[in-house]
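Encoded as structure tokens, the structure appears first; notes follow it.
Number of protein chains: 2
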Amino acid sequence: MPRDTLTRDQIVRTAVELLDAEGLEGLNMRALGKRLDSAATAVYWHVKNKDNLVLLATDQVWGELKLPDLDAVDWRTAATGMAIDLYEMFTRHPWLVQAFAAHVLYGESKARHDDHSLAVYEAAGFAGAQADQAASAVFTYVLGNAAGAAATASLARKLARDDTTAEEQFQDAMAKAQEIAMRYPRLRARLDTSAAASYAAAPDKAFEFGLQALLDGLEQQIAGQPAG
Amino acid sequence: MPRDTLTRDQIVRTAVELLDAEGLEGLNMRALGKRLDSAATAVYWHVKNKDNLVLLATDQVWGELKLPDLDAVDWRTAATGMAIDLYEMFTRHPWLVQAFAAHVLYGESKARHDDHSLAVYEAAGFAGAQADQAASAVFTYVLGNAAGAAATASLARKLARDDTTAEEQFQDAMAKAQEIAMRYPRLRARLDTSAAASYAAAPDKAFEFGLQALLDGLEQQIAGQPAG
DNA sequence: CCGGCGACTTGAACAATGTGCAAGTCCTTT
DNA sequence: AAAGGACTTGCACATTGTTCAAGTCGCCGG
Numbered sequence: 040m041p042r043d044t045l046t047r048d049q050i051v052r053t054a055v056e057l058l059d060a061e062g063l064e065g066l067n068m069r070a071l072g073k074r075l076d077s078a079a080t081a082v083y084w085h086v087k088n089k090d091n092l093v094l095l096a097t098d099q100v101w102g103e104l105k106l107p108d109l110d111a112v113d114w115r116t117a118a119t120g121m122a123i124d125l126y127e128m129f130t131r132h133p134w135l136v137q138a139f140a141a142h143v144l145y146g147e148s149k150a151r152h153d154d155h156s157l158a159v160y161e162a163a164g165f166a167g168a169q170a171d172q173a174a175s176a177v178f179t180y181v182l183g184n185a186a187g188a189a190a191t192a193s194l195a196r197k198l199a200r201d202d203t204t205a206e207e208q209f210q211d212a213m214a215k216a217q218e219i220a221m222r223y224p225r226l227r228a229r230l231d232t233s234a235a236a237s238y239a240a241a242p243d244k245a246f247e248f249g250l251q252a253l254l255d256g257l258e259q260q261i262a263g264q265p266a267g
Numbered sequence: 040m041p042r043d044t045l046t047r048d049q050i051v052r053t054a055v056e057l058l059d060a061e062g063l064e065g066l067n068m069r070a071l072g073k074r075l076d077s078a079a080t081a082v083y084w085h086v087k088n089k090d091n092l093v094l095l096a097t098d099q100v101w102g103e104l105k106l107p108d109l110d111a112v113d114w115r116t117a118a119t120g121m122a123i124d125l126y127e128m129f130t131r132h133p134w135l136v137q138a139f140a141a142h143v144l145y146g147e148s149k150a151r152h153d154d155h156s157l158a159v160y161e162a163a164g165f166a167g168a169q170a171d172q173a174a175s176a177v178f179t180y181v182l183g184n185a186a187g188a189a190a191t192a193s194l195a196r197k198l199a200r201d202d203t204t205a206e207e208q209f210q211d212a213m214a215k216a217q218e219i220a221m222r223y224p225r226l227r228a229r230l231d232t233s234a235a236a237s238y239a240a241a242p243d244k245a246f247e248f249g250l251q252a253l254l255d256g257l258e259q260q261i262a263g264q265p266a267g
């Protein structure tokens, strides 16, 4: 009977769990080791270093994405679906956004996704470099939106972990931020209104609004300058 | 004559220098202390902790931005200008993107900018929450674009610092990434083409392309549903 | 069946870094 | 000149990534 040994795959999946629970700065090798019931340094036999582990975790997560069948749906439906799926992936795994800003990421699943994304915009009528720019515009839009969610998630974790200390600091920061906002008419209006709560609750609405605007704009580009 | 003493402002400005040069992970209190000709811990008298320092540095940088005069230019020119300025700020200070994904940021200069941004989209004809969503869409688009630049900058720094070790790892990673890309037709095409070089050289083009598409889309929204 | 080899794990150790603390040093105020 | 506050310093500790030499385990050739 073969010895019960660690797997690279097992390590990566556990790392994703930890990243989801504790964020990018919450992932450390000792905690990972503990969760794997092994010494922290055992991981180094399977993975080069922490950066490499994050790279692998990233691509693992990318593999969650299902790609739309381009023969079955029109490009706009496909583009919307891919963008929403991506956005949801980022909100499920907020650390991804940080990883994206810190390292150049690549991997099998991401390549698969990128290729499919290009196919969508080629199907829409963009040729060559234009398809690149369209795909990249939508991707970066999604990424930017997710950044807000990531920051919020990081804050929420901090509040959940440190019972009381962080709570005060948070209140303090909130108070300072509000005090600043009160001095700017448009920001103030958004604090005063009873609508304030609904704003905060609806980053997803803002995301879809902007996404449709962006896709509208792209569609317009094609109309103005049809398939070359 | 008063003693020559550290200033909060001086500390923040030095921190920005260090952040620009070494990135977010390159900023550490001892290095900061050395650059200020003082003990690392002297900083703690002026600033609560590192996170707080980054927050202050962020707002310092936000202060670089000039805001367009809304009585002098139409909204679209103003929106384009603000977006481009923002993008340039992010590329000048790539660590900002990481900071944005990791912490919830606020400050005087950012509030000023946000307020002005809302004014632009209200001038465009968006009311209330719609102006919020429009402004947020453009902002997040810019942020997302900057993430790519930030990752590239981080990589470039790493290559510049570690003379030879990182060089090999980079070549290795490049080779792996290319090997993957070669298995996907559209990605492969973009490696094969002589155009490959021009792609890589033109993230700014992609940025402006998407920005105009997004603004086109927003404009269309107003046209379809005029000022309420 | 056994000896060794390669796969994998472990624990100790080191360097880098954020930060608290007690003791200093310097200027201003009375 | 004495006192008190503003600021600085050095030391110390905890946390974390990573290396390394020494283990342990199971298989395989003899």
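In order, the protein sequence lines correspond to chains P and D. Counting from 40, one number per residue, gives the positions in the first sequence under our numbering. Counting from 40, one number per residue, gives the positions in the second sequence under our numbering. We put the beta carbon where it would ideally sit given N, CA and C, even for glycine.
Please list the partners that residue 97 (chain P) has in chain D, where partner means a Cβ-to-Cβ separation under 7 Å. Neighbourhood of residue 97 (chain P) in chain D, by CB distance below 7 Å: empty, with the nearest CB roughly 12 Å away.
Simplified DSSP state of residue 42 (chain D), which is helix, strand or coil: When DSSP states are grouped into helix, strand and coil, residue 42 (chain D) belongs to the coil group.
Distance between beta carbons of residue 45 (chain D) and residue 75 (chain D), contact taken as under 8 Å: Contact between residue 75 (chain D) and residue 45 (chain D) holds, since their C-beta atoms are separated by about 6 Å, short of 8 Å.
Between the segment 166-187 of chain P and chain D, which residues of the former have a C-beta closer than 9 Å to a C-beta of the latter? Those residues of the segment 166-187 of chain P that come within reach of chain D (Cβ to Cβ, closer than 9 Å) are 167, 168, 169, 170, 171, 172, 173, 175, 176, 177, 178, 179, 180, 181, 182, 183, 184, 185, 186, 187.
8 Å Cβ cut-off: residues of chain P touching residue 154 (chain D): Within chain P, the residues placing a beta-carbon under 8 Å from that of residue 154 (chain D) are 223, 224, 225, 226, ordered along the chain.
Per DSSP, what kind of secondary structure is residue 107 (chain D) in: helix, strand or coil? Reduced to three states, the DSSP call for residue 107 (chain D) is coil.
In angstroms with no decimal places, state the Cα-to-Cα distance between residue 23 (chain D) and residue 159 (chain D). One cannot answer for residue 23 (chain D) here, as it falls past the ends of chain D, which runs 40 to 267.
State yes or no: is the C-beta of residue 146 (chain D) within less than 7 Å of the C-beta of residue 201 (chain D)? No; because the gap between Cβ atoms is not below 7 Å, this pair is not in contact.
Simplified DSSP assignment, three categories, for residue 171 (chain D): Looking at residue 171 (chain D) - three-state DSSP - the assignment turns out to be helix.
Per-residue DSSP class, three states only, for residue 165 (chain D): Coil, per DSSP.
Roughly how many whole angstroms lie between the Cα atoms of residue 196 (chain P) and residue 184 (chain D)? Taken atom to atom, the span from the alpha-carbon of residue 196 (chain P) to that of residue 184 (chain D) is near 27 Å.
Within 7 Å, strictly: CB atoms of residue 182 (chain P) and residue 186 (chain D): Yes; because the gap between Cβ atoms is below 7 Å, this pair is in contact.
Please work out which residues of its chain come closer than 6 Å, Cβ to Cβ, to residue 125 (chain D), disregarding the five sequence neighbours upstream and downstream, and give them in chain order. Answer for residue 125 (chain D): 181, listed in chain order.
Measuring CB to CB, does residue 255 (chain D) end up less than 7 Å from residue 259 (chain P)? Between residue 255 (chain D) and residue 259 (chain P), the C-beta gap is smaller than 7 Å, which places the two residues in contact.
Does the beta-carbon distance from residue 137 (chain D) to residue 141 (chain P) come in below 7 Å? With respect to residue 141 (chain P), residue 137 (chain D) sits close: the two C-beta atoms are nearer than 7 Å.
Would residue 190 (chain D) pass as a contact of residue 51 (chain P) if the rule is Cβ separation under 7 Å? No, Cβ-Cβ distance for residue 190 (chain D) and residue 51 (chain P) is not below 7 Å.
Just the chain D side, please: which residues come within less than 9 Å of residue 126 (chain P) by C-beta, in chain order? Those within 9 Å of residue 126 (chain P) in chain D number zero; the least Cβ separation is about 11 Å.
So, are the CB atoms of residue 148 (chain D) and residue 101 (chain D) less than 7 Å apart? Result yes, Cβ atoms of residue 148 (chain D) and residue 101 (chain D) sit closer than 7 Å.
Can you list, in chain order, the residues of its chain whose CB lies under 7 Å from that of residue 219 (chain P), leaving out five sequence neighbours each side? Nothing meets the Cβ criterion.
Which of helix, strand or coil DSSP assigns to residue 201 (chain P): The answer is coil: DSSP assigns residue 201 (chain P) none of H, G, I, E or B.
Could you pull out every residue in the same chain whose Cβ sits closer than 7 Å to the Cβ of residue 162 (chain D), ignoring the five residues on either side in sequence? Sequence-distant partners of residue 162 (chain D) (beyond 5 residues in either direction) whose C-beta falls short of 7 Å from its own C-beta, in its chain, are 109, 114.
In the DSSP assignment, find the unbroken alpha helix (DSSP H) run with residue 242 (chain P) in it and report its ends. 242-263 is the span of the alpha helix (DSSP H), which, as asked, contains residue 242 (chain P).
Euclidean distance between Cα positions of residue 261 (chain D) and residue 152 (chain P): Taking the Cα positions, residue 261 (chain D) is about 33 Å away from residue 152 (chain P).
Under 8 Å by Cβ, that's how I've got residue 253 (chain D) and residue 177 (chain D) pegged, so tell me the actual separation to the nearest angstrom. That belief holds up - the Cβ atoms of residue 253 (chain D) and residue 177 (chain D) are roughly 6 Å apart, short of 8 Å.
Closer than 7 Å by C-beta to residue 139 (chain P): which residues in its own chain qualify, once you throw out the five before and the five after it? Chain order, please. Spatial neighbours of residue 139 (chain P) in its own chain (CB-CB distance under 7 Å, excluding positions within 5 residues in sequence) are listed in chain order as 182.
Chain-ordered residues of the segment 134-145 of chain P with a beta carbon less than 7 Å from chain D: For the segment 134-145 of chain P, which is checked against every Cβ of chain D, the residues closer than 7 Å are 136, 137, 139, 140, 141, 142, 143, 145.
Considering Cα atoms alone, identify which of P:58, P:88, P:47 is closest to residue 132 (chain P). That would be P:58, whose Cα lies nearest to the Cα of residue 132 (chain P).
Cα separation between residue 174 (chain P) and residue 116 (chain D)? Between residue 174 (chain P) and residue 116 (chain D), the C-alpha separation is close to 25 Å.
Residues that residue 113 (chain P) contacts on chain D, provided the C-beta gap is smaller than 8 Å: For the C-beta of residue 113 (chain P), not a single chain D residue is nearer than 8 Å; the gap to the nearest is close to 18 Å.
For residue 85 (chain P), which residues of its own chain have a beta-carbon under 8 Å away from its beta-carbon, when the five flanking residues on both sides are left out? Excluding sequence neighbours, residue 85 (chain P) sits near 45, 46, 47, 50.
Please say whether residue 78 (chain D) and residue 250 (chain D) have beta carbons closer to each other than 7 Å? With contacts defined by Cβ atoms closer than 7 Å, residue 250 (chain D) and residue 78 (chain D) do not form a contacting pair.
Cβ of residue 164 (chain D) within 7 Å of any chain P Cβ: Chain P, which has no Cβ nearer than 7 Å to the Cβ of residue 164 (chain D), makes this no.
Please give the ranges of any alpha helix (DSSP H) in the segment 44-123 of chain D, keeping only runs that are unbroken, at least 4 residues long and fully inside the region. As for any alpha helix (DSSP H) of minimum length 4 sitting wholly inside the segment 44-123 of chain D, the runs are 47-61, 68-74, 82-85, 89-101, ordered along the chain.
Taking Cβ positions, are residue 227 (chain P) and residue 221 (chain P) nearer each other than 7 Å? Between residue 227 (chain P) and residue 221 (chain P), the gap from beta carbon to beta carbon is short of 7 Å.
Is DSSP giving residue 146 (chain D) helix, strand or coil here? Shown here, residue 146 (chain D) sits in coil according to DSSP, grouped into three states, outside any helix or strand.
Leaving aside the five residues before and after residue 96 (chain P) along the sequence, list all residues of the same chain whose C-beta is less than 7 Å from its C-beta, in chain order. Excluding sequence neighbours, residue 96 (chain P) sits near 51, 54, 55, 58.
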